[in-house]
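Note that the protein sequences, when read in sequence, are chains X and Z. For the first sequence, counting from 1, position 390 maps to 390 in our numbering; every step adds exactly one. For the second sequence, counting from 1, position 138 maps to 138 in our numbering; every step adds exactly one. Scroll down for the structure; my scribbles are underneath it.
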Amino acid sequence: MEVIIIIGVIAIIGIYALVKAQEGTENISSLSGSYGFDVRIRKTTERKDGTTDEFLAIEAKGLLPVKRSIDLACLITVFDITDGRENKMPIISLLEFFQEESSKIFSFYQEVGVVSPGEKLMDWAPAGAIIPEMIQAPYSGRRKLQVNIHLVDADNPPEVEFGVLDSREGVEWSGALNHEIFLPIKGYKEAAANRDEAQALTVKLGVAVAMADGSLHDSEGELIKKWIQKTIRGHYPEKSQELKKTYNDAFKEAYILAGSGRLDYESIARRLNQIGELKLKFDAYELVNKIMAADGVAHPDELKSIRKIGELLDLDPSELEQIRSRALVNLRDAFQHDDALEELLGIDPSWPKAKIKAHLAREFQKWNGRLNSLSEEKERENAQNILNRIGEARRKYDIG
Amino acid sequence: MSHIGIDLGTTYSAVATLDESGRPVILKNKNEQESPKGNLTASAVLFKSDQVIVGEQARKRIGLSANVAARFKRLMGTSKGIEADGRSHTPTELSALVLKRMKKIAEDNLGQIEKAVVTIPANFSNEARVATMKAASMAGLNIEQIINEPTAAALHYAYQHKGEVSGTYAVYDLGGGTFDISVISINGGQVDVITSNGIPKLGGVDFDSALIELIAAKYKEETGENLDQELYTLTDAEEDKIKLSAKKRVIAGGLREDLEDETIFIERSEVEEAISGFIAQTEMTCETTIGEAGLNVEDIKGVILVGGSTRIPIVRESVKRVFKQEPITTENPDEAVALGAALYAAVDSPVSLGEVANHYFGTLVVDDRQGVEKLTNDILIEKNKKLPCRVTRSYFTASYGQRYVECEVTQSSNLETDPQWVNIIWKGELGPLPSGRPVGQEIEVTFRYDKNQIMHCSFKDVTSGKQTDVDIDT
Ligand SMILES: Nc1ncnc2c1ncn2[C@@H]1O[C@H](COP(=O)(O)OP(=O)(O)OP(=O)(O)O)[C@@H](O)[C@H]1O
Ligand SMILES: [Mg+2]
Numbered sequence: 001m002e003v004i005i006i007i008g009v010i011a012i013i014g015i016y017a018l019v020k021a022q023e024g025t026e027n028i029s030s031l032s033g034s035y036g037f038d039v040r041i042r043k044t045t046e047r048k049d050g051t052t053d054e055f056l057a058i059e060a061k062g063l064l065p066v067k068r069s070i071d072l073a074c075l076i077t078v079f080d081i082t083d084g085r086e087n088k089m090p091i092i093s094l095l096e097f098f099q100e101e102s103s104k105i106f107s108f109y110q111e112v113g114v115v116s117p118g119e120k121l122m123d124w125a126p127a128g129a130i131i132p133e134m135i136q137a138p139y140s141g142r143r144k145l146q147v148n149i150h151l152v153d154a155d156n157p158p159e160v161e162f163g164v165l166d167s168r169e170g171v172e173w174s175g176a177l178n179h180e181i182f183l184p185i186k187g188y189k190e191a192a193a194n195r196d197e198a199q200a201l202t203v204k205l206g207v208a209v210a211m212a213d214g215s216l217h218d219s220e221g222e223l224i225k226k227w228i229q230k231t232i233r234g235h236y237p238e239k240s241q242e243l244k245k246t247y248n249d250a251f252k253e254a255y256i257l258a259g260s261g262r263l264d265y266e267s268i269a270r271r272l273n274q275i276g277e278l279k280l281k282f283d284a285y286e287l288v289n290k291i292m293a294a295d296g297v298a299h300p301d302e303l304k305s306i307r308k309i310g311e312l313l314d315l316d317p318s319e320l321e322q323i324r325s326r327a328l329v330n331l332r333d334a335f336q337h338d339d340a341l342e343e344l345l346g347i348d349p350s351w352p353k354a355k356i357k358a359h360l361a362r363e364f365q366k367w368n369g370r371l372n373s374l375s376e377e378k379e380r381e382n383a384q385n386i387l388n389r390i391g392e393a394r395r396k397y398d399i400g
Numbered sequence: 001m002s003h004i005g006i007d008l009g010t011t012y013s014a015v016a017t018l019d020e021s022g023r024p025v026i027l028k029n030k031n032e033q034e035s036p037k038g039n040l041t042a043s044a045v046l047f048k049s050d051q052v053i054v055g056e057q058a059r060k061r062i063g064l065s066a067n068v069a070a071r072f073k074r075l076m077g078t079s080k081g082i083e084a085d086g087r088s089h090t091p092t093e094l095s096a097l098v099l100k101r102m103k104k105i106a107e108d109n110l111g112q113i114e115k116a117v118v119t120i121p122a123n124f125s126n127e128a129r130v131a132t133m134k135a136a137s138m139a140g141l142n143i144e145q146i147i148n149e150p151t152a153a154a155l156h157y158a159y160q161h162k163g164e165v166s167g168t169y170a171v172y173d174l175g176g177g178t179f180d181i182s183v184i185s186i187n188g189g190q191v192d193v194i195t196s197n198g199i200p201k202l203g204g205v206d207f208d209s210a211l212i213e214l215i216a217a218k219y220k221e222e223t224g225e226n227l228d229q230e231l232y233t234l235t236d237a238e239e240d241k242i243k244l245s246a247k248k249r250v251i252a253g254g255l256r257e258d259l260e261d262e263t264i265f266i267e268r269s270e271v272e273e274a275i276s277g278f279i280a281q282t283e284m285t286c287e288t289t290i291g292e293a294g295l296n297v298e299d300i301k302g303v304i305l306v307g308g309s310t311r312i313p314i315v316r317e318s319v320k321r322v323f324k325q326e327p328i329t330t331e332n333p334d335e336a337v338a339l340g341a342a343l344y345a346a347v348d349s350p351v352s353l354g355e356v357a358n359h360y361f362g363t364l365v366v367d368d369r370q371g372v373e374k375l376t377n378d379i380l381i382e383k384n385k386k387l388p389c390r391v392t393r394s395y396f397t398a399s400y401g402q403r404y405v406e407c408e409v410t411q412s413s414n415l416e417t418d419p420q421w422v423n424i425i426w427k428g429e430l431g432p433l434p435s436g437r438p439v440g441q442e443i444e445v446t447f448r449y450d451k452n453q454i455m456h457c458s459f460k461d462v463t464s465g466k467q468t469d470v471d472i473d474t
């Protein structure tokens, strides 16, 4: 079953309304295939508050190039060929709907339905779309794209990896169109240097939180390793090797420093805040929370450093709260350490009593409401435990 | 043909109807062994050879016999099985046995029963509510409506003071298993709910457990041994707890024979200390609820105490502290819910009720406004919205030629955006939709919540007119 409805696509619809109105002829790349089957890319623009949004509509027309009745699907892949066909580079999609299964590389797959030989598209019909603001080439600016359109057997579709099909079997028809385009988003090669550093910093923060209680648990080390593996996936093999080394070195360095109490996680977090994109900062915060929960116990020092990291990364508090809450319900016993109470509940004992009371009541309402939504027995118990501890905390701060 | 109201409690149940004069009355259980006083029947089930015994004899055997099941109301709506009589029973089956007994009590008093209303805690999950309906139909009851316990109690209060009272009241309901607090406006015979909250697992049985822990610690100190669970059962603890509401100090009951000349004393203050964390939880919930109603404590004209556990002195003190006033007490706080349910069940009820949405209701969508796609819970109907109400909102398809749209209806107690914290109470799909259409086809979602708490949801593809509908009894 496919796709949920989206709320943020208002912009896209706006464009579409205009596409229909203009039905323009400019900027069309098209290709006539066999059987009189045609595909084309039509670039349309829309002026909105003085800005220009580009939108590439990939369209098809004519006699469908099939030799038998078949459940047909359309598969679109894109390369950057600015430096020539022989140096083609992948394109990354920022929207998950337009990504390969195992990577973030652009790929668009859409079932057409059962068609038979002789069926014809009388008018230009939509086959796919590329939104320049949602894709990333190696560099930003004017780029030359190669758009590959494949009609494939939906019952036996080829797999795509890095934009390349694993076999020709099940491919009924293929065509390629070149198209020049302006890409506003910072290229991944440009961003890569920053990103690589940001992710190395993330590894270090992970080690810092894991070692906050004095030692690195197997489960914690395992999590960081997994994170590294996931992060380097989707790169070309050489790059992936290079990154692996960078991150492993970061891990070792941080481990040694932390062992002797010299790992300064605050300046690491500050640096990450400077250079990391929002997404990377969230990734880092998510990782440190998972590490905190990895051994099933929340250590007060872990909690303290996580709170500090969240502050330094300058992230939206409500988003931080969501990530934290998810980690909390996964703890074996959230309150094994008595002195973790304040950190866990997010209270500062120096606050005025009234503020603490109000904060606790809010936390209580939040977790009490969440109890019903938890399906796992263990999670329910944890949430129940949190409720009981909030009750105790209230007593502690409720004098008079 | 009679109409009845049943309070299916965690520890005790009661059934009521309106008498010839239109006054709500409790229907007595005439079997003294099952119910010594007749008005309440313990919600405990004893399996004895081929017999099923509900009531006092079963309660007495809690913790002593492997053939007894009790306190299953808290598990309603979960898949947890309860072992008794060498078999596993679902909470729904056990509740059905209690309801069947309550139905029989009513029939012995009234003859055939035409219709019944059963009560549930205000913040029961949807699963628990559905399970209660199922239990009622398994018991052979004709249930058209379910009503919240504090609301039922408010109806009863309004009835008792008909014409005389008007203003905003709080109903504080602390029973055997759950705590509920509702803020309600009463105007003569008209009762309008403003907001409700509850703690699903907080009540007398938790106090009983706390008392057992206390005794176990004392026993260990005295004898050096661990307290055997059969020596001092939950039933013993309950009885001592009840005594401590009247006395400052009692001798631990069940232990008498075992300890011979030694006795263990329990001070009321010790129990108060042991349960103070629970009381603190109720206080926070009260404060939140007053705030949610947009009120200050000064706006609350009276606090109506409901539920057996409100007889405990520190509970009353806590209420007084939070609401800054003496609460309104009645002689039988554990009967008000059944009496109110009977009023609600009646054909020509002297009181009428205006309800609000007890939860937030929404649907799951992908939000890509920040450039990062995120599955998000989008709320359509807010908690505390007056019923009936209706909200329509448009969403858009996410991909080219999208032929199906996943449709969900979610429920949550708080304003949650993270799908992790919501219950999906219905799931379906809209489709097949016409093929070959571009991204961004408008899908109109309408939630219409009617007076009987039925949610009518529709997911409609605007251009093709195709739509998926569902009615959910919430
Ligand atoms: N005098 C008393 N002092 C303390 N507790 C009492 C007293 N009388 C009754 N209780 C307690 O009140 C509880 C029963 O109250 P009630 O019948 O209102 O609850 P219920 O309807 O069974 O539970 P719920 O409404 O939570 O499902 C039991 O836990 C009982 O021990
Ligand atoms: Mg009750």
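Note that CB positions come from ideal geometry on N, CA and C, so glycine has one too.
Residue burial classification, residue i (beta-carbon count within 10 angstroms, cutoff 16)
{"i": "Z/Arg403", "result": "buried"}
{"i": "Z/Asn452", "result": "exposed"}
{"i": "X/Pro117", "result": "exposed"}
{"i": "Z/Asp240", "result": "buried"}
{"i": "Z/Thr263", "result": "exposed"}
{"i": "Z/Pro200", "result": "buried"}
{"i": "Z/Lys60", "result": "buried"}
{"i": "Z/Thr10", "result": "buried"}
{"i": "Z/Thr392", "result": "exposed"}
{"i": "X/Lys290", "result": "buried"}
8 Å Cβ cutoff, residue i in contact with chain Z
{"i": "X/Pro126", "result": "yes"}
{"i": "X/Gln22", "result": "Residue placement at X/Gln22 is poorly supported in this model, since its pLDDT is 31, which falls under 50; the coordinates still yield a value, given next. Not an interface residue."}
{"i": "X/Gln110", "result": "yes"}
{"i": "X/Arg401", "result": "This structure cannot speak to residue 401 of chain X, because chain X is shown only from 1 to 400."}
{"i": "X/Glu85", "result": "In the sequence as displayed, the identity of residue 85 of chain X is Arg instead of Glu. For X/Arg85, the answer is no, since every Cβ of chain Z falls outside 8 Å of its Cβ."}
{"i": "X/Arg324", "result": "no"}
{"i": "X/Arg370", "result": "yes"}
{"i": "X/Leu344", "result": "no"}
{"i": "X/Glu392", "result": "yes"}
{"i": "X/Leu328", "result": "no"}
{"i": "X/Lys366", "result": "yes"}
{"i": "X/Gln384", "result": "yes"}
{"i": "X/Leu402", "result": "This structure cannot speak to residue 402 of chain X, because chain X is shown only from 1 to 400."}
Near ligand 2: residue i beta-carbon under 7 Å from a heavy atom
{"i": "Z/Val337", "result": "yes"}
{"i": "Z/Glu355", "result": "no"}
{"i": "Z/Glu149", "result": "yes"}
Residue i Cβ short of 7 Å to ligand 3 heavy atom set
{"i": "Z/Asp7", "result": "Of the ligands this structure carries, namely ligand 1 and ligand 2, none is ligand 3."}
Below-8 Å beta-carbon distance, residue i vs any chain X residue
{"i": "Z/Gly401", "result": "yes"}
{"i": "Z/Asn414", "result": "yes"}
{"i": "Z/Val439", "result": "yes"}
{"i": "Z/Gly277", "result": "yes"}
Across the segment 318-334 of chain Z and the segment 352-360 of chain Z, are there enough close Cβ pairs to call them in contact, namely three or more that are closer than 8 Å? At 8 Å Cβ cutoff, the stretches do not touch.
Test item, CB below 5 Å from any non-hydrogen atom of ligand 1: After applying the 5 Å Cβ criterion, the set is Z/Gly9, Z/Thr10, Z/Thr11, Z/Tyr12, Z/Gly175, Z/Gly176, Z/Gly177, Z/Thr178, Z/Gly203, Z/Gly204, Z/Glu238, Z/Ile242, Z/Ser245, Z/Gly307, Z/Gly308, Z/Ser309, Z/Arg311, Z/Ile312, Z/Asp334.
Taking three-plus beta-carbon pairs below 8 Å as touching, is the segment 309-322 of chain X in contact with the segment 348-365 of chain X? Because the criterion of three Cβ pairs below 8 Å is not met, the segment 309-322 of chain X and the segment 348-365 of chain X do not touch.
Touching or not, the segment 146-160 of chain X and the segment 91-111 of chain X, by the rule of three or more beta carbon pairs under 8 Å? Here the segment 146-160 of chain X makes contact with the segment 91-111 of chain X; the two share three or more CB pairs at distances below 8 Å.
Are there three or more Cβ pairs, one per stretch, closer than 8 Å when the segment 386-393 of chain Z is compared with the segment 179-189 of chain Z? With the cut-off at 8 Å, the segment 386-393 of chain Z and the segment 179-189 of chain Z do not touch.
Is the segment 206-216 of chain Z touching the segment 226-245 of chain Z, taking contact as three or more C-beta pairs under 8 Å? Yes, they touch.
Three or more beta-carbon pairs under 8 Å between the segment 414-432 of chain Z and the segment 378-396 of chain X, yes or no? No: the two stretches stay apart, fewer than three of their Cβ pairs being nearer than 8 Å.
Three or more C-beta pairs below 8 Å linking the segment 179-188 of chain X and the segment 132-147 of chain X: The way I'd put it, the segment 179-188 of chain X does touch the segment 132-147 of chain X; three or more beta-carbon pairs between them come closer than 8 Å.
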